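In our numbering, each number is its position in the sequence shown, counted from 1, plus 3.
Backbone N, C-alpha and C fix where the C-beta goes; we use that ideal spot for every residue, glycine too.
Quantities reported herein were computed from a predicted structural model and do not represent experimental measurements.
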Amino acid sequence: MELADEIVIPAKRDSVYAGLNNIKILRKCIPGCEELVAISDTELTAKVVLKIGPVKASFNGTVTLDKTRAPQCFSLSGQGDGGVAGFAMGGAEVELIEDASSTILKYAAKAETGGKIAQLGNRLITSTAKKLSKQFFGNFEAEMTRDKAKD
4 MELADEIVIP AKRDSVYAGL NNIKILRKCI PGCEELVAIS DTELTAKVVL
54 KIGPVKASFN GTVTLDKTRA PQCFSLSGQG DGGVAGFAMG GAEVELIEDA
104 SSTILKYAAK AETGGKIAQL GNRLITSTAK KLSKQFFGNF EAEMTRDKAK
154 D
């Protein structure tokens, strides 16, 4: 499965990049996130509860960040284990483009699933992934706008 989109966030690129690296902000923005812990500057662990069609599962996973081209670009890769529900793994490339007082955030992500959730079919998984990414970026934009209003 592949997803790609872009959104405009009404904040400077450095603020958007900082927000994408802020555990408290990410925890609020990730749908179903119950736990998010920084192991290092480039590694996180997470516990996320998701419902995909009729399957509800708790995923425990890790995310590794590659910040070598930050703040313009960075990439991430991760994997999650949902027990009997199956597993998910994938990665994303994120580009942050300055545009006056806003930032254009572009992303391209790839993921694959296995186990019970993979049996639900690619269309259901893809539509759920699109919905979850839209939720995340909507939440993130709201958080960034809220932070900007405090300034």
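For residue 97, the uninterrupted beta strand (DSSP E) run begins and ends at 90–102, by DSSP. Between the alpha carbons of residue 85 and residue 144 lies a gap of roughly 28 Å. Excluding residues up to 5 positions away in sequence, 35 lie with their Cβ nearer than 6 Å to the Cβ of residue 53 in the same chain. Under the 10 Å beta carbon count, residue 81 is surrounded by 16 or more other beta carbons and is classified as buried. In the three-state reduction of the DSSP assignment, residue 59 falls in the strand class, which pools E and B. For residue 11, the enclosing beta strand (DSSP E) has its first and last residue at 5–12. Each of 22, 33, 41 and 104 was checked against the Cα of residue 15, and the nearest Cα belongs to 104.
In this structure, 66 is the residue among 28, 66 and 19 with its C-alpha nearest to the C-alpha of residue 42.
With contact defined as three or more Cβ pairs closer than 8 Å, the region 20–35 and the region 112–125 are not in contact.
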